[in-house]
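*Asks:* Just so we're aligned: 421 in the UniProt record's numbering is position 421 of the sequence shown, and the numbers increase by one with no gaps anywhere. The structure under discussion is supplied below as structure tokens; questions concerning it will follow.
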Amino acid sequence: MTPGLAFFYGGMTRAKAALNMMMMSFVSIGFVGVVWVLWGSSMATAPGAIPGIVGNPFADMALVNSNGTPDLLGIGFSATFAIITVALISGSIADRAKFGAWCLFVPVWVTLVYAPLAFMVWADGGLFTEDGAIGSVLGEAIDFAGGLVVHINAGVAALVLCLILGVRRGFGKDPEHRPHNLPFVMLGAALLWFGWFGFNVGAASDGTQAGLIWVNTLASPAAAMLGWLLVERLRNGHATSLGAASGIVAGLVAITPACANVDPGWAIVLGAVSGAASALAVGLKYRWGYDDSLDVVGVHLVSGVVGTVALGFIATGSTGTPGLFYGGGFGLLLTQSVATVISVAFTAIMTLIIGLAIHKTIGFRVSESEEDRGIDMTAHAESAYLFAADDAGQLHVLRSTDSGEISDQKISVEEAKAELGARGPAPERSEQEEPEYAPSHRG
């Protein structure tokens, strides 16, 4: 899923920040993969640190106690949730965050925010579980696959970070900030949807539940895509590919906490509502002045809240307390609402502390000149494309000079053709020069 997110985010940003955006997702795999094995898994599951809040990081460091047991399968599966959660946050600060600062933020945030919230929601004795301080009073909160832990968590952190870093240069005015590669966005959405079946179904307890989850993971994003496109059509007169891809993700987010607890018909309703709600929410950033670059807040926070709170109405009670529409009264609605509010507050406070600490020390945002030249070249000395065109049709070529400086030059189409011609045509190869193994690969 996280490589799919890299394509999704990489296509949504500017051409000269595409590689950086994809790297932010990939490096999350690296850091979280190591953290989860060393201490993250213990913090999310083992008792003993702060009762109800977080587990003991030393209980199973480097998984020495779990090695050789079936527990490793669940630990590896849970790592993918932690990875995708922190990677999602990166979309809100696209095109302006220091790569080094991000590399520091990822392991710290997973340790201090993700692991504790995962413990509160899913671990034995966690705050919101049936034997936790809140769950024992209000009833256990339902979050089957990550409405609270993944999407609300990521959405709130994304909002906090984008406020700390401030808006991009030209925010709301510069057409260059439009997505540069919509086929990448569509490809990313497809990979995310494919991976989401494993994300949700992988936690099923039996075949019957797995079937329900599979159908709901199909129905909700399908309806959400239609809901988003309807809003676009009514508002702007067009249904866009970006809207279709974003709607799919919104529906996946909404069904994540509810996939094992709602009937397929309600999954369709939930998807349609979340798609429309997120389509309306993403435009608020221009009205309210916060630069959530790739709509993490509008999609993940909004649809995460919709899916989590909606369980208070439509949960069937097959695994847990039924919702209001199934004779359960207002109890589950209160539980889901309280869990949402506490999760939002916890993530906001902790992310604010971490983000400000990084921003006030090493700095979290690149300089204006680095932002103008493009983060791909300034941070990675690479470019996704030999040439890139801005929204006005002007071609640019990015080069690294002998002195290590980055050169961003405007060139004409004729100059671009000349530069390509100077590289020479691709060498032709005769049939006699084909390798001996070639015929066996022609089918």
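Don't be surprised by glycine CBs; every beta carbon is placed ideally from N, CA and C.
Residues in the same chain with beta-carbon distance under 8 Å from Thr351, minus the five sequence neighbours each way, listed in chain order, please.
*Replies:* The answer, listed in chain order, is Trp109, Val113, Val156, Ala157, Val160, Leu161.
*Asks:* Would the beta-carbon of Phe119 fall within 9 Å of that of Val54?
*Replies:* Yes; because the gap between Cβ atoms is below 9 Å, this pair is in contact.
*Asks:* I need the straight-line Cα distance from Ala17 to Ser90, nearest angstrom please.
*Replies:* Each residue's alpha carbon lies about 12 Å from the other.
*Asks:* Please list, in chain order, all residues of the same chain as Gly125 whose beta carbon is under 7 Å from its beta carbon, the five residues on each side excluded.
*Replies:* Same-chain partners within the cutoff: Pro47, Pro51, Gly52, Asp131, Gly132.
*Asks:* Given this structure, state the Cα-to-Cα distance separating Leu333 from Ile342, to the nearest angstrom.
*Replies:* Cα-Cα distance, rounded: 14 Å.
*Asks:* If the criterion is Cβ atoms closer than 9 Å, does the pair Phe144 and Ala190 meet it?
*Replies:* No; because the gap between Cβ atoms is not below 9 Å, this pair is not in contact.
*Asks:* Express the C-alpha separation of Val249 and Ile134 in angstroms, rounding to a whole number.
*Replies:* Approximately 31 Å between the Cα atoms of the pair.
*Asks:* Answer yes if the region 303-314 comes into contact with the region 147-156, meaning at least three C-beta pairs across the two stretches below 8 Å, and no otherwise.
*Replies:* Touching, yes, given that three or more Cβ pairs across the two stretches are closer than 8 Å.
*Asks:* Could you tell me which of Thr111, Met61, Gly170, Phe128 sits nearest to Tyr290, measuring between CA atoms?
*Replies:* Nearest C-alpha to Tyr290: Gly170.
*Asks:* Where Gly30 and Thr2 are concerned, what is the direct C-alpha to C-alpha distance, given to the nearest angstrom?
*Replies:* If I take the Cα positions, the gap works out to 11 Å.
*Asks:* My assumption, with CB atoms under 8 Å, is that Ile375 sits in contact with Leu395. Please give the rounded CB distance.
*Replies:* Not quite, the Cβ-Cβ distance comes to about 20 Å (not below 8 Å), so this is no contact.
*Asks:* Going by DSSP, what residue range makes up the alpha helix (DSSP H) through Gly331?
*Replies:* Here the alpha helix (DSSP H) through Gly331 covers 331-361.
*Asks:* State buried or exposed for Gly207, treating a residue as buried only when at least 16 other CB atoms are found within 10 Å of its CB.
*Replies:* Classification of Gly207: exposed, given that the 10 Å Cβ count is below 16.
*Asks:* Tell me whether Asn56 sits in a helix, a strand or coil according to DSSP, three-state version.
*Replies:* In the structure shown, Asn56 sits in coil (DSSP, three-state: anything other than H, G, I, E or B).
*Asks:* In the DSSP assignment, the alpha helix (DSSP H) including Cys103 goes from what residue to what residue?
*Replies:* Run containing Cys103: 99-109, per the alpha helix (DSSP H) assignment.
*Asks:* Measure the Cβ-Cβ separation of residue 452 and Ala87 and say whether it is below 9 Å.
*Replies:* The structure shown does not extend to residue 452, since the chain is modelled only from 1 to 443, so the question has no answer here.
*Asks:* Is it right to say Tyr9 is buried, meaning 16 or more other beta carbons lie within 10 angstroms of its own, or is it exposed?
*Replies:* Tyr9 should be labelled buried.
*Asks:* Going by CA-CA distance only, name the one from Leu284, Lys360, Thr256, Val137 that's closest to Asp195.
*Replies:* As written in the sequence, residue 195 is Gly, which differs from the Asp given in the question. The residue with the shortest Cα to Cα distance from Gly195 is Thr256.
*Asks:* What does a CB cutoff of less than 6 Å around Glu436 pick up in its chain, not counting 5 residues either side in sequence?
*Replies:* Per-residue confidence for Glu436 stands at a pLDDT of 45, beneath the threshold of 50, marking its modelled position as unreliable; the derived number appears in the next sentence. So no residue of the chain qualifies.
*Asks:* Identify whether Leu395 lies in helix, strand or coil by the three-state DSSP scheme.
*Replies:* Looking at Leu395 - three-state DSSP - the assignment turns out to be strand.
*Asks:* Please determine, among Asp95, Asn200, Ile213, the residue with the shortest C-alpha to C-alpha distance to Met24.
*Replies:* Answer by Cα proximity: Asp95.
*Asks:* Measuring CA to CA, which of Gly146, Val32, Phe184 is closest to Arg14?
*Replies:* Among Gly146, Val32, Phe184, the Cα nearest to that of Arg14 is on Phe184.
*Asks:* Kindly provide the ranges of any alpha helix (DSSP H) runs that are 4 or more residues long and lie completely inside the region 148-220, ordered along the chain.
*Replies:* The region 148-220 contains these whole alpha helix (DSSP H) runs: 153-165, 182-201.
*Asks:* Measuring only the C-alpha atoms, how far is Leu187 from Thr217?
*Replies:* Computed Cα separation, rounded: 18 Å.
*Asks:* In its own chain, which residues sit with a C-beta less than 8 Å from the C-beta of Val366, not counting the 5 before and 5 after it?
*Replies:* Here the set comprises Arg96, Ala97, Lys98, Ile375, Thr378, Ala379.
*Asks:* Is it true that the region 264-281 meets the region 213-233, where meeting means three or more beta-carbon pairs spaced less than 8 Å apart?
*Replies:* Result yes; three or more Cβ-Cβ pairs closer than 8 Å.
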